[in-house]
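In our numbering, the protein residues as written are 2 to 245.
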């Protein structure tokens, strides 16, 4: 059977959607050619309504099982989504469970590292409301909250600012200011300082490009492309994303 060629970033390679459960009984040998020893996510439907979502590393066995277990007689159609590899299967299932909330699933899906932004959103709204209240009542802009004392750092030459200086507000909200760059198969790490400079291998640089040039031993480097930062837990993106 022909299978789709893999592409960079591709997760689902083949799918079969909303077909009758009778196929599993009346055309078992054909459907087994599709699903035998294949892994992926499947969904069971009752009419047009999503009833149950699951993942399996042997979809054929799992679907046959659901014709006999507690789900027997509660669904009449199913979909299967075959994936390339099984590394992301659990989080894919969790995502579907949290969005669809199928009635047949007893547990809600959970994520491995995902950050819940609810508290962050609440904090940012309160901060904005405090500023607005200060402006309305006192006729001035709200004061910035006191900042912890910072160690003195060598100053840049007069008039010169770090390349990341325009993005300090975004940088301040990051959980970690660590950055990473892979060159010739080796991982190099650095850190964005509070003033926007880059600290890497014991030296401080005014721009990501200069830090990258040091890693590449003098070769020119577009640091915003080569260096990556952690925008959210487990999600590393290029520094150039800060401009958007």
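Backbone N, C-alpha and C define an ideal beta-carbon position, used for all residues, glycine too.
Could you spell out the range, first to last residue, of the alpha helix (DSSP H) harbouring residue i?
i           : result
residue 229 : Element bounds for residue 229: not the alpha helix (DSSP H) but the beta strand (DSSP E), 229-233.
residue 201 : First-last for residue 201: 199-201, but that is the beta strand (DSSP E), not the alpha helix (DSSP H).
residue 119 : 119-139
residue 63  : 60-66
residue 34  : 29-36
residue 173 : 169-173
Kindly give me the distance between the Cβ atoms of residue i and residue j, rounded to whole angstroms, as I take these residues to be in contact under 8 Å.
i           : j           : result
residue 54  : residue 103 : 5 Å
residue 210 : residue 197 : Actually they are not in contact, since the Cβ atoms of residue 210 and residue 197 sit about 13 Å apart, beyond 8 Å.
residue 94  : residue 56  : 4 Å
residue 172 : residue 181 : Actually they do not touch by this definition, with Cβ atoms about 15 Å apart.
residue 235 : residue 222 : Contact doesn't hold; Cβ gap of about 25 Å is too wide.
residue 43  : residue 63  : 7 Å
residue 45  : residue 52  : 5 Å
residue 130 : residue 176 : About 23 Å separates the two Cβ atoms, so there is no contact after all.
Within the continuous beta strand (DSSP E) that includes residue i, where are the two ends?
i           : result
residue 239 : 236-239
residue 18  : 13-21
residue 44  : 41-47
residue 258 : The chain is shown from 2 up to 245; residue 258 falls before or after that span and cannot be answered.
residue 204 : 204-206
Would residue i pass as a contact of residue j if the rule is Cβ separation under 8 Å?
i           : j           : result
residue 79  : residue 20  : yes
residue 58  : residue 72  : no
residue 12  : residue 99  : no
residue 165 : residue 193 : yes
residue 191 : residue 237 : no
residue 48  : residue 77  : yes
In the DSSP output, what is residue i paired with across the bridge?
i           : result
residue 189 : 182
residue 79  : 20, 45
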